[in-house]
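Asker:
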Amino acid sequence: MTQIPDHAPCTVSIENQMPEDLFTAMREFISLHPQWDQYRLMQAALAGFLFQHGCEDRAVARHYLDGLFRRDRDIERPELPRRGGQR
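The sequence shown begins at 5 in this note's numbering and counts up by one.
1) What residues in its chain sit with their C-beta under 7 Å from that of H67, if we drop five residues either side in the sequence?
2) Am I right that I34 and Q42 are in contact with their C-beta atoms under 8 Å? What's the rounded C-beta distance?
3) Indicate whether V64 and F73 have their beta-carbon atoms separated by less than 7 Å.
4) Hey, could you find the ends of the alpha helix (DSSP H) Q42 is sitting in?
5) Considering D25, what are the terminal residues of the alpha helix (DSSP H) in which it resides?
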């Protein structure tokens, strides 16, 4: 069984040409969601595509799920009340 490392492996740089309307949409999305950047967006898109099209690699599934459920440390979240109304 393949082990999934706790840390990200080395990164690979990719150069890509895309339609201008996709680039514009990506730029607008990033401007509205400052916790995202072009690298995170492209990684999430690629992992999502591979996972949804049958890739069974556990590392791909992990990247896909991390992209869905990633919590950003920079965003303040309200504290939830504890049982019995205690804080």
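By construction, the Cβ of each residue, glycine as well, lies at the ideal position given by its N, Cα and C atoms. Since the structure is predicted, the reported quantities are computational estimates derived from the model, not experimental observations.
Answerer: Taking the definition as stated:
1) Counting from 1 along the sequence shown, the entry for residue 67 is found at position 63. These residues qualify, in order along the chain: Q47, A51.
2) The sequence position of residue 34 within the sequence shown is 30, counting from 1. The sequence position of residue 42 within the sequence shown is 38, counting from 1. At roughly 7 Å, the Cβ-Cβ gap stays under 8 Å, so I34 and Q42 are in contact.
3) Looking up residue 64 in the sequence shown gives position 60. Looking up residue 73 in the sequence shown gives position 69. No, they are not a contact pair.
4) Along the sequence shown, read from residue 1 onward, the residue named residue 42 stands at position 38. Residues 42 to 56.
5) What you label residue 25 is simply residue 21 of the sequence shown in a count that begins at 1. Note, D25: alpha helix (DSSP H), 24 to 36.
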